[in-house]
Amino acid sequence: MSLANLGSHWWVILIIVVLLFGAPKLPALAKSMGQSMRIFKNEIKTNKDEDAADKATAEKPVADSDTSAKS
């Protein structure tokens, strides 16, 4: 597959998108896609931060509780 062929695929996809959504709606579509990507990246970052915090908590030794003092 040559680069010229790859470029033509993108043109076909772009034409299909324009036909489906119409030119006036494309800016709104692009804006919503950008917002979705921003939210997605923020959630990934939050998830990584939570995983790091959970890992740090799991590495700390937990004091043994006295289980023999049950009533």
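For the sequence shown, numbering that gives the first Met the number 0 assigns the number 0 to the initial residue and increments by one for each residue that follows. Built from N, CA and C at the ideal position, the CB exists for glycine as well. As the structure is a computational prediction, the values presented were derived from the model and not from experiment.
Residue j beta carbon less than 7 Å from that of residue i
i, j, result
"L28", "F20", "yes"
Residues near residue i by beta carbon distance below 7 Å, same chain, minus five either side
i, result
"S35", "none"
What residue ranges within the region 33-57 form continuous alpha helix (DSSP H) runs of no fewer than 4 residues, ordered along the chain?
none
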